[in-house]
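Peer 1: Residue numbers (the numbering used here): 532 to 947. Beta carbons are placed, not taken as given, at the ideal position from N, Cα and C, and that holds for glycine. Structure provided below as structure tokens; questions to follow.
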């Protein structure tokens with residue numbers, strides 16, 4: 532009967548959540564916004580590439596003086612540029628409208644700026660003057676070197692491949708960091724987007740004044756456990772929906788969106804790191820879910836509970852204030868505190884696990900803290916809900932509720 536009741540609660544909570552229009556409005560808004568952003572990026576990249584190409588190939592009248600001796604008449608002719616008598620004459624010609632641009636190449640352009648004077652064409656179109664000046668100088672240098680190979684080397688376009696070793700094995704580098712780091716992204720998405728649902732999972736019944744009727748047919752433990760498991764299922768649905776536009780963009784629109792190239796076959800899926808990351812993700816999500824459910828059981832209204840939700844969300848962002856230490860000095864005291872404090876542990880441990888600085892013993896301790904903490908908070912949530920089920924207008928005094936729960940007695944609401 533208990534299993535049947537648990538299944539009924541899970542189905543009810545899951546179906547009730549996913550059939551609400553506001554759930555799908557909130558859930559689908561994320562991929563819709565991402566699709567809009569991807570579309571804007573595509574249009575921006577297209578227009579930027581067109582504009583950059585147009586600037587490099589822009590045709591306008593140019594005069595110049597060259598103190599470096601790099602610009603030959605042939606180089607200048609390729610851009611339709613003519614030599615000016617002097618800098619003053621070149622600037623005067625721009626101001627009078629005789630030419631559209633005047634370039635003053637210094638004797639040492641490697642450490643002195645090229646001066647460009649041009650007719651104002653607007654903030655964006657004015658960029659063509661500098662683009663053509665750079666192109667003129669680059670062509671002159673390439674022609675002086677006389678070798679495309681040497682020109683590319685001088686421009687610093689050499690490709691470098693780095694291979695590092697852990698003992699005798701090739702280290703994965705960033706390819707081994709990306710897969711376990713995905714667990715951190717999923718954790719943030721689940722907690723941030725489901726925090727309100729977690730908080731309201733017990734408040735809704737209290738505000739609707741139906742908790743006593745529910746508790747006549749269900750045990751509080753069954754009810755709260757069913758709600759928590761239903762939230763896990765809702766989280767899986769949201770992760771699938773949120774991941775869809777990213778996967779579609781990466782698979783079909785990689786070039787248009789300028790997504791960096793990487794081969795999935797090059798990613799390194801370390802079984803130990805992936806297993807630890809998954810366990811930390813589940814444990815961290817369970818801890819935050821049960822904690823927010825417990826907060827909802829204490830508060831009489833969603834408005835009052837919202838203040839505590841802000842605190843819980845802030846706790847998962849605190850480790851990012853020391854993210855450089857988490858990555859570079861993982862054994863510093865502050866990082867150790869963040870690693871083992873239950874509500875900052877998921878983020879800190881997932882970061883350290885991704886970058887390979889979380890040892891096996893540390894991982895076991897963190898996982899134990901998260902799962903034990905989640906179990907304790909589940910028990911606390913059950914007792915608070917049981918005691919506060921008829922407290923509709925006042926906050927539940929936690930100490931009183933826990934004492935009452937330990938005596939298996941349901942007391943009246945405490946004084947505020």
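1) With distance defined between alpha-carbon atoms, name the residue in 625, 828, 876, 764 nearest to residue 914.
2) Between the alpha carbons of residue 672 and residue 606, how many angstroms are there, rounded?
3) Using beta carbons (cut-off 9 Å, strictly below), is residue 828 in contact with chain D?
4) First and last residue of the beta strand (DSSP E) that includes residue 593?
5) Compute the beta-carbon to beta-carbon distance between residue 819 and residue 840, rounded to the nearest angstrom, for a pair I have assumed lies under 8 Å.
6) How is residue 635 classed by DSSP in three states: helix, strand or coil?
7) Please report the straight-line C-alpha distance between residue 815 and residue 548, rounded to a whole angstrom.
8) Spatial neighbours of residue 649 within its chain, please: C-beta separation below 7 Å, excluding the five flanking residues on both sides.
9) In the structure shown, what three-state DSSP assignment does residue 615 receive?
10) Can you name, in chain order, every residue of its own chain whose Cβ lies under 8 Å from the Cβ of residue 680, other than the five neighbours on each side?
11) In whole angstroms, what is the alpha-carbon distance linking residue 641 and residue 666?
12) Should residue 908 and residue 821 be called a contact, given that it needs their Cβ atoms to be closer than 9 Å?
13) Which residues in the same chain have their Cβ closer than 6 Å to the Cβ of residue 479, if we skip the five residues on either side of it in sequence?
14) Indicate the three-state DSSP secondary structure (helix, strand or coil) for residue 758 in the structure shown.
15) If you follow the alpha helix (DSSP H) that residue 809 is part of, which residue opens it and which one closes it?
16) Below 8 Å CB to CB, which residues in the same chain sit around residue 643 once its five sequence neighbours on both sides are set aside?
17) What does DSSP give as the partner residue(s) for residue 646 in the beta ladder?
18) Hey, could you find the ends of the alpha helix (DSSP H) residue 657 is sitting in?
19) Between residue 892 and residue 708, is the Cβ-Cβ spacing less than 9 Å?
20) Between which two residues does the alpha helix (DSSP H) carrying residue 870 extend?
Peer 2: So, to answer that:
1) Among 625, 828, 876, 764, the Cα nearest to that of residue 914 is on 828.
2) Roughly 10 Å separates the two Cα atoms.
3) Note that chain D does not occur in the displayed structure, where there is just one protein chain.
4) For residue 593, the enclosing beta strand (DSSP E) covers residues 593-597.
5) Not quite, the Cβ-Cβ distance comes to about 10 Å (not below 8 Å), so this is no contact.
6) When secondary structure is reduced to three states using DSSP, residue 635 falls in the strand class.
7) Going by C-alpha positions, residue 815 is about 22 Å away from residue 548.
8) Only 625, 631, 632, 657, 660 meet the Cβ criterion.
9) Coil.
10) If we look at residue 680 and ignore the five residues flanking it on each side, it has no Cβ neighbours.
11) Looking at the two C-alpha atoms, the distance is approximately 14 Å.
12) Cβ distance < 9 Å, so residue 908 and residue 821 count as in contact.
13) The displayed coordinates of the chain run from 532 to 947. Any statement about residue 479 would go beyond what the structure contains.
14) DSSP places residue 758 in helix when its eight states are reduced to three.
15) Element bounds for residue 809: 802-829.
16) 637, listed in sequence order.
17) Residue 646 is bridged to 635.
18) Here residue 657 belongs to no alpha helix (DSSP H), and DSSP marks it neither H nor E.
19) The answer is no: Cβ separation not under 9 Å.
20) Note, residue 870: alpha helix (DSSP H), 864-871.
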